[in-house]
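*Asks:* Have a look at this one before I ask anything.
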Amino acid sequence: MTVRAQDLLLGLVPLALVIALWQALVSFGYAPATLLPPPGLVFRRLAQQLTTLTFEQDVAATLFRLFAGFLIAVVLGVTIGIAAAASPLINSAVRPVVRVLAPLPKVALYPALLLLLGFGHGSKITLVTADALFPILLSTYYGASTVEQKLVWSALAAGTPPREVLFKVILPAAAPSILTGCRIGLVISCIVVFLAEMITSTDGLGHVLVTAARTFQAVDMFVPLITISLLGLILNGALGALRSYLLRGFPEV
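Each residue of the sequence shown is one higher than the one before, counting from 5 in the working numbering.
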């Protein structure tokens, strides 16, 4: 058995234990089935919902907001992080902003975003971007700041143009840190887009959950929770596989 297969099996064990505990709570009467439906019923309902156009559109709306906000955060975070690491002047300007805004719960800004951008995609994408930005920015800055200066000098001495040093030396050397920040930002994006849709939306998985809760449909309420969890698991696994592929020459991967 390969190392990856072992890691996959070990990763499935906690999920199996959670489902088993869930089933036990229902089977032994610790939780009423009307409030906590059995997992088999929820997964059957999920399979049914995945074949309906309405649910597919809700999933597509959530994924669009998630990817749009996350990709904007990646572009901004990597650009600003590299610039701050390369320029003391930019670092001096960015540092106080990061210190003030990074600890701030971005969801507190959501009412203002709703007033400025409305109830459509714009406010939700902006909230996702704001939340995912800082882990990517900080990881990029750390990775670029810790690049050995000897590598840069060696590249310049070998005749590499200064503009190409960024793409041939700094970015590859900082890639492990950048991709780690991206994985953290992706997880945050999944959480934030779901939360934003729960607060105010006419579509998306968060809206499906709120609608089901208002009508006391316990099974339909668990379906979007399972769906966003599975999406997060799949996306995180895909990004992890991409990270392993891109960093296959690094000893820690």
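Note that CB positions come from ideal geometry on N, CA and C, so glycine has one too.
(1) Applying the 10 Å Cβ sphere with the 16-neighbour rule, what's the burial state of Leu70?
(2) Hey, how far is the Cα of Pro41 from the Cα of Ser248?
(3) Three-state secondary structure (DSSP) at Gln221?
(4) Please specify which runs of the alpha helix (DSSP H), each continuous and at least 4 residues long, are wholly inside the region 52-96, giving them in chain order.
(5) Thr144 and Gly73: beta carbons closer than 9 Å?
(6) How far does the alpha helix (DSSP H) with Arg187 in it reach, from first residue to last?
(7) Could you pull the start and end residues of the alpha helix (DSSP H) that Arg167 belongs to?
(8) Does DSSP put Gly33 in a helix, in a strand, or in coil?
(9) When you compare the CB positions of Phe59 and Ile230, do they come within less than 9 Å of one another, or not?
(10) Quick check: the Cα distance between Thr66 and Gly236, rounded to an integer number of angstroms?
(11) So, with DSSP's three-state summary, where would you put Phe123?
(12) What's the call for Val257, buried or exposed, on a 16-neighbour Cβ count within 10 Å?
*Replies:* Walking through what the data contain:
(1) Along the sequence shown, read from residue 1 onward, the residue named residue 70 stands at position 66. By the 10 Å Cβ count, Leu70 comes out buried.
(2) Position 37 of the sequence shown holds residue 41. Position 244 of the sequence shown holds residue 248. Each residue's alpha carbon lies about 38 Å from the other.
(3) Looking up residue 221 in the sequence shown gives position 217. Coil.
(4) 57-90
(5) What you label residue 144 is simply residue 140 of the sequence shown in a count that begins at 1. What you label residue 73 is simply residue 69 of the sequence shown in a count that begins at 1. Against a cut-off of 9 Å, the Cβ pair of Gly73 and Thr144 comes out as no contact.
(6) Residue mapping note: residue 187 aligns to position 183 of the sequence shown, counting from 1. Its alpha helix (DSSP H) spans residues 175-203.
(7) As a first step, residue 167 is located in the sequence shown; it is residue number 163 there, counting from the start. Its alpha helix (DSSP H) spans residues 166-169.
(8) As a working mapping, residue 33 is identified with position 29 in the sequence shown. In this structure, Gly33 counts as coil in the three-state DSSP scheme.
(9) Within the sequence shown, residue 59 is the residue found at index 55, counting from 1. Within the sequence shown, residue 230 is the residue found at index 226, counting from 1. Their beta carbons are not under 9 Å apart, which means Phe59 does not touch Ile230 by this criterion.
(10) Position 62 of the sequence shown, counting from 1, holds the residue named residue 66. Position 232 of the sequence shown, counting from 1, holds the residue named residue 236. Whole-angstrom Cα-Cα distance: 12 Å.
(11) Locating residue 123 in the sequence shown gives position 119, where the first residue counts as 1. Phe123: coil per DSSP, three-state reduction.
(12) Here residue 257 is taken as the residue at index 253 of the sequence shown, counted from 1. Note that Val257 scores 45 on pLDDT, short of 50, meaning its location in the model is unreliable; the coordinates nonetheless yield the value given after this. Exposed: under 16 other Cβ atoms inside 10 Å.
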